[in-house]
Amino acid sequence: MRVLHFVLAIVTVSVSIYNGVSIAARTALKSDAKDYIALRGNIANAETDSEERKGGVGGGRGGRGGRGGRGGGQGRVYRPVAGGHGGLEEEKVVDLPPGVHVGPIFGGPHGGHYTDLALVKSGQKVLSINLRAGERVDAIYLTILNPSGEETILFHGGHGGTLKTPLVLGKGEYITGMEAHEGKHNKRTRIQYVKFITNLGNSIEGGTQTKKIGTDTAPNGCQLGGFVGRSGNELDQVSAIWTSIQPAA
Numbered sequence: 001m002r003v004l005h006f007v008l009a010i011v012t013v014s015v016s017i018y019n020g021v022s023i024a025a026r027t028a029l030k031s032d033a034k035d036y037i038a039l040r041g042n043i044a045n046a047e048t049d050s051e052e053r054k055g056g057v058g059g060g061r062g063g064r065g066g067r068g069g070r071g072g073g074q075g076r077v078y079r080p081v082a083g084g085h086g087g088l089e090e091e092k093v094v095d096l097p098p099g100v101h102v103g104p105i106f107g108g109p110h111g112g113h114y115t116d117l118a119l120v121k122s123g124q125k126v127l128s129i130n131l132r133a134g135e136r137v138d139a140i141y142l143t144i145l146n147p148s149g150e151e152t153i154l155f156h157g158g159h160g161g162t163l164k165t166p167l168v169l170g171k172g173e174y175i176t177g178m179e180a181h182e183g184k185h186n187k188r189t190r191i192q193y194v195k196f197i198t199n200l201g202n203s204i205e206g207g208t209q210t211k212k213i214g215t216d217t218a219p220n221g222c223q224l225g226g227f228v229g230r231s232g233n234e235l236d237q238v239s240a241i242w243t244s245i246q247p248a249a
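At position 226 of the sequence shown (counting the first as 1) the number is 226 in the UniProt record's numbering, and the numbers step up by one without a gap.
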């Protein structure tokens, strides 16, 4: 297995964007204008509530699931086979930027590949997270503010289901845990349910729970910063990218 320079992750992201991953700065979310307008409106309505939220220490607990990479300066990235369906090619190991960790993978090998590895950085701030969900998880939105002050929405999935009210993070609040449930739909493994938990015990969830459950927790001093996985009309597969809360050298 070859160790590749992190620049390959950037190439992977470029391909992923071409395959339908929508990523937009605050001033432009062209392919998802309706959702973006609704999302920003919901965020504005929820900002006051976020200042009043109280709670204890949160974060998921439990075993790891699927395949992934942790720390050590490297992580595994799985590319889709020809056509973007039906499986994963041989895993590739890439160098990760300082303060970035990739968690285990939950879900199935369908849909097109996506990754936020080239977009996330240590020291970034997560403003909010939102979901589209019905019987299953249709899409995930993560709004981040990078160290240079640029706001970006990381969007993965489709446009079905119902757009939920976003979880807007307050001062000193970070997403530190996730729970994902897998299930079959049309003979394909999908993400049936997902839940994200903050260090203050606040959460957002969507979909239908199953008995096949996976959990992941942020490493010490880290927060949710982005995702790696596969998606089409719905969310087929998801893995957390954890980034250090403080900038890493």
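Ideal placement from N, C-alpha and C gives every residue a C-beta, glycine not left out.
Quantities reported herein were computed from a predicted structural model and do not represent experimental measurements.
- Counting C-beta pairs closer than 8 Å gives fewer than three between the region 150 to 165 and the region 96 to 103, which falls short of the contact rule.
- Assigned with DSSP and collapsed to three states, V120 falls in coil, not helix or strand.
- The C-alpha of T143 lies about 31 Å from the C-alpha of N186.
- Separation of L127 and K184 (C-alpha to C-alpha, rounded to the nearest whole angstrom) is 32 Å.
- According to the DSSP secondary-structure assignment, K212 is paired through a beta bridge with E182.
- P166 sits buried, since 16 or more C-beta atoms from the chains shown fall within 10 Å of its C-beta.
- For the pair C222 and F196, the Cα-to-Cα distance works out to about 14 Å.
- For A133, the enclosing beta strand (DSSP E) covers residues 125 to 133.
- If you ignore the 5 residues before and after T210, its C-beta comes within less than 7 Å of the C-beta of H181, E182, G183, Q192, Y193, all in its own chain and listed in chain order.
- C-alpha of A249 to C-alpha of Q124: approximately 13 Å in a straight line.
- The C-beta distance from R132 to G157 rounds to 7 Å, short enough to fall under 8 Å.
- Contact between E173 and N199 holds, with the beta-carbon distance rounding to 6 Å and staying under 8 Å.
- Contact between D95 and V228 does not hold, since their C-beta atoms are separated by about 15 Å, which reaches or exceeds 8 Å.
- Leaving aside the five residues that flank W242 on each side, the residues in its chain whose CB is nearer than 8 Å to its CB run, in chain order, V100, H101, V102, G103, A218, P219, C222, Q223, L224, G225.
- Across the set G177, T208, I175, S203, the C-alpha of T208 shows the shortest separation from the C-alpha of R190.
- DSSP places K195 in the strand class (E or B) of the three-state scheme.
- In this model, T162 and G134 are separated by some 6 Å (Cα to Cα).
- Around the C-beta of Q246, fewer than 16 other C-beta atoms lie within 10 Å, and the residue is accordingly described as exposed.
- Between R230 and H113, the gap from beta carbon to beta carbon is short of 8 Å.
- Here Q223 is bridged, per DSSP, to T243.
- Going by beta carbons, G111 and G232 fall inside the 8 Å limit.
- The three-state reading of DSSP puts R136 in coil, since its state is none of H, G, I, E or B.
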